[in-house]
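FYI, the numbering for the sequence shown is 84 to 508, going by the working numbering.
For each residue, glycine too, the CB sits at the ideal point set by N, CA and C.
Here the structure is a predicted model, which is why all the values come from computation and not from measurement.
Here is the structure we will look at, set down as structure tokens.
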Amino acid sequence: MAVPATPSLDQAFPAVKKVVVIGGGPAGLMAAEILAGGGVQVDLFDAMPSVGRKFLLAGKGGMNLTHSEPYDAFLSRYGARSPQIAPLLDQFGPDALRDWVHALGIATFIGSSGRVFPTDMKAAPLLRAWLQRLRQAGVRFHMRHRWQGWTEDGALSFIAPQGPQSVDADAVLLALGGGSWARLGSDAKWVPLLTQRAIPVAPLLASNCGFDVGWSAHFQSRFAGHYLKSVAVTCTQAYGSELRKQGEFVISAAGIEGSLVYALSAGLRDRIVAHGSAEIHIDLLPDWSLQRVTDEVSHPRGARSWSSHLQSRLGLKGVKTGLLRELVAAADFTDPARLAKAIKALPLTLVATRPIDEAISSAGGVRFDGLDQQLMLRAMPGVFCAGEMLDWEAPTGGYLLTACFASGRAAANGVLSWLRQCERR
């Protein structure tokens with residue numbers, strides 16, 4: 084059953100055009116806003132009972148909207164996809180995003196790390212204000228409508244609470260998310276719907292994810308859930324370059340996870356794909372020189388245990404000492420030079436990424452070579468794509484959300500441009 088059109092608030096076209104947006108995350112909502120402002124009727128469909136579910140979850144620990152670092156550094160966070168993301172950020176970058184948030188009546192501040200947050204740190208007030216503005220602009224929301232592809236006559240096919248429905252549209256904008264957190268809507272069920280129409284899609288992979296290690300039962304039972312704080316990790320990326328970052332991460336039952344691990348995860352994942360495993364080196368005392376550690380370890384320990392000695396001379400205790408015991412051969416504890424080297428560069432082998440559904444985000448998706456500069460599918464004129472379903476990835480820190488917002492805006496402007504071109508023909 085086709086959704087009937089209603090008069091637009093801004094008659095930019097001789098006759099009201101109807102655009103269907105599928106996906107109610109940040110990219111889809113931003114696209115709906117631009118489209119409604121451009122004078123078309125917007126109907127937004129989503130399989131979930133409400134929109135913005137992953138957006139709200141991301142805000143539970145503090146809604147990190149974007150980052151305040153210099154633009155060139157910001158753009159570099161998108162790695163190999165920086166050339167494709169740059170035109171999107173040129174239209175709607177970090178500063179424009181903050182201005183947009185302020186226009187919703189939400190104040191922001193820059194944290195000590197350079198990350199940008201709403202002053203109340205919450206996502207819900209922003210989403211409520213945004214949805215109110217979208218409804219006032221005439222956007223119509225259709226929840227619990229799961230997209231099934233296209234019918235034989237080219238209409239959009241949905242499974243809805245009332246049963247199967249078909250919907251006609253003058254243009255379609257897909258913002259269906261990636262493959263992480265399926266229970267919130269990003270279940271990647273769109274992939275076969277596009278690949279069967281010869282749309283090039285890169286395989287979806289876990290991004291900003293944890294890794295499996297294979298701890299001993301003793302270490303796992305004692306230290307799963309413990310944080311390793313004030314450490315540095317050095318790793319070799321997939322193509323041979325070395326990277327070192329300082330921060331903290333968590334020992335999980337399966338391996339490791341947390342902010343420092345996520346920051347390195349793309350390169351570690353790619354190295355596992357290429358070589359079957361990836362090795363990192365953990366510096367348990369990043370502010371100490373190797374010589375200083377060696378001198379302290381060499382100090383006579385007398386009748387004290389190694390745990391007491393390391394705590395007394397180096398301040399190492401708890402999970403850090405436990406990790407040494409887990410990964411260092413007993414014989415190395417009798418050799419101060421080898422033990423000091425392990426404390427400064429403790430080798431840990433990662434054997435696999437955690438499942439994609441546990442990851443914060445996903446890599447892969449609709450390839451950019453299958454899209455034109457307006458994010459329209461070359462093989463399907465009138466169908467546009469935006470958000471995490473595109474083939475890019477970025478670390479946490481506001482980069483994911485910024486690119487989702489920017490791509491939704493760019494794709495919507497592409498829709499409006501394409502509709503105007505169609506009118507002129």
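Exposure of residue i, with buried meaning 16 or more beta-carbon neighbours within 10 Å
{"i": "Ser290", "result": "buried"}
{"i": "Tyr154", "result": "exposed"}
{"i": "Ala495", "result": "buried"}
{"i": "Thr518", "result": "The structure shown does not extend to residue 518, since the chain spans only 84 to 508, so no value can be given for it."}
{"i": "Lys143", "result": "exposed"}
{"i": "Ala413", "result": "exposed"}
{"i": "Pro383", "result": "exposed"}
{"i": "Asp178", "result": "exposed"}
{"i": "Pro87", "result": "Any reading at Pro87 must be qualified, since the residue scores a pLDDT of 34, below 50, and its modelled position is unreliable; no value is offered."}
{"i": "Thr479", "result": "buried"}
{"i": "Asp93", "result": "Low confidence applies here, because Asp93 scores a pLDDT of 41, under 50, leaving its location unreliable and the question unanswered by this model."}
{"i": "Gly470", "result": "buried"}
{"i": "Ala85", "result": "Note that Ala85 scores a pLDDT of 37, beneath 50, so its modelled location is shaky; the value from the coordinates is reported in the next line. Exposed."}
{"i": "Ser195", "result": "exposed"}
{"i": "Thr89", "result": "Confidence in Thr89 is poor, its pLDDT being 35 and thus under 50, which makes the residue's placement unreliable; the coordinate value appears in the next sentence. Classification for Thr89: exposed."}
{"i": "Asp129", "result": "buried"}
{"i": "Gln124", "result": "buried"}
{"i": "Ser490", "result": "buried"}
Residue i vs residue j beta-carbon contact at 9 Å
{"i": "Val134", "j": "Val498", "result": "no"}
{"i": "Leu509", "j": "Leu429", "result": "Absent from the model: residue 509. The displayed extent of the chain is 84 to 508, so no value can be given."}
{"i": "Leu267", "j": "Ile105", "result": "no"}
{"i": "Ile189", "j": "Pro201", "result": "yes"}
{"i": "Val411", "j": "Ile363", "result": "no"}
{"i": "Met463", "j": "Ile282", "result": "yes"}
{"i": "Gln329", "j": "Ser313", "result": "yes"}
{"i": "Ser263", "j": "Ala477", "result": "no"}
{"i": "Ile132", "j": "Met226", "result": "The amino acid at residue 132 is misidentified as Ile; the sequence shows Pro. Yes, the pair counts as a contact, with Cβ atoms nearer than the cut-off."}
{"i": "Cys505", "j": "Asp253", "result": "yes"}
{"i": "Val296", "j": "Ile339", "result": "yes"}
{"i": "Phe467", "j": "Val274", "result": "no"}
{"i": "Gly448", "j": "Asp418", "result": "no"}
{"i": "Leu112", "j": "Trp213", "result": "yes"}
{"i": "Glu116", "j": "Val222", "result": "yes"}
{"i": "Thr206", "j": "Leu139", "result": "Before going on, a small fix: residue 206 reads as Ala here, not Thr. Yes, these two residues count as a Cβ contact at 9 Å."}
{"i": "Leu148", "j": "Thr191", "result": "yes"}
Which listed residue (the options) has its alpha carbon closest to that of residue i
{"i": "Asp378", "options": "Gly338, Lys424, Glu340", "result": "Lys424"}
{"i": "Val333", "options": "Asp155, Ile365, Lys205", "result": "Ile365"}
{"i": "Arg421", "options": "Leu433, Gln374, Leu458", "result": "Gln374"}
{"i": "Ser395", "options": "Val380, Gly405, Leu406, Arg408", "result": "Val380"}
{"i": "Ile439", "options": "Phe294, Arg181, Asp178", "result": "Phe294"}
{"i": "Gly405", "options": "Pro419, Asp415, Ser390, Thr417", "result": "Ser390"}
{"i": "Arg305", "options": "Leu276, Leu287, Ala281, Ser335", "result": "Ser335"}
{"i": "Val356", "options": "Asp203, Ser269, Tyr482, Thr436", "result": "Thr436"}
{"i": "Leu326", "options": "Gln124, Leu288, Glu235, Ser348", "result": "Ser348"}
{"i": "Leu259", "options": "Gln248, Arg164, Lys137", "result": "Lys137"}
{"i": "Leu311", "options": "Thr149, Gly401, Ser165, Gln215", "result": "Gly401"}
{"i": "Ser151", "options": "Asp129, Arg160, Gly122, Val199", "result": "Val199"}
{"i": "Ala271", "options": "Ser445, Arg216, Gly246, Ser342", "result": "Ser445"}
{"i": "Leu171", "options": "Met146, Pro244, Phe451", "result": "Phe451"}
{"i": "Gly350", "options": "Gly385, Ala206, Leu288, Pro369", "result": "Leu288"}
{"i": "Trp298", "options": "Thr432, Ala206, Pro166", "result": "Thr432"}
{"i": "Pro208", "options": "Leu187, Ser360, Phe224", "result": "Leu187"}
{"i": "Glu331", "options": "Thr278, Cys487, Leu210, Lys403", "result": "Lys403"}
{"i": "Phe488", "options": "Ile168, Leu343, Arg352", "result": "Ile168"}
Three-state secondary structure (DSSP) of residue i
{"i": "His150", "result": "strand"}
{"i": "Ser360", "result": "coil"}
{"i": "Thr479", "result": "coil"}
{"i": "Leu502", "result": "helix"}
{"i": "Gln329", "result": "strand"}
{"i": "Gly350", "result": "helix"}
{"i": "Val316", "result": "strand"}
{"i": "Phe175", "result": "coil"}
{"i": "Asp182", "result": "helix"}
{"i": "Val86", "result": "Its pLDDT being 35, under 50, Val86 is placed unreliably in this model, and the value from its coordinates should be taken loosely. The answer is coil: DSSP assigns Val86 none of H, G, I, E or B."}
{"i": "Ile355", "result": "helix"}
{"i": "Arg459", "result": "Sequence inspection shows Met at residue 459; the Arg mentioned does not correspond to that position. Strand at Met459."}
{"i": "Ala425", "result": "helix"}
{"i": "Leu489", "result": "Reading off the sequence, residue 489 comes out as Ala, not Leu. DSSP places Ala489 in helix when its eight states are reduced to three."}
{"i": "Ala98", "result": "coil"}
{"i": "Gly448", "result": "strand"}
{"i": "Val344", "result": "helix"}
{"i": "Leu187", "result": "coil"}
{"i": "Gly453", "result": "helix"}
{"i": "Ala163", "result": "helix"}
{"i": "Val434", "result": "coil"}
{"i": "Ser304", "result": "helix"}
**Report entry** Secondary structure, alpha helix (DSSP H): runs of 4+ residues fully inside the stretch 366 to 421
**Finding:** 373 to 381, 389 to 397, 402 to 410
Requested in this report: Taking only runs that begin and end inside the stretch 189 to 271, name each unbroken beta strand (DSSP E) of 3 or more residues, in chain order.
Outcome: 191 to 193, 198 to 201, 223 to 225, 229 to 233, 239 to 243, 246 to 250, 254 to 257
Requested in this report: Starting from the N-terminal side, write out each stretch of the alpha helix (DSSP H) that is 4 residues or longer and does not extend beyond the stretch 109 to 161.
Outcome: 109 to 120, 136 to 141, 154 to 159
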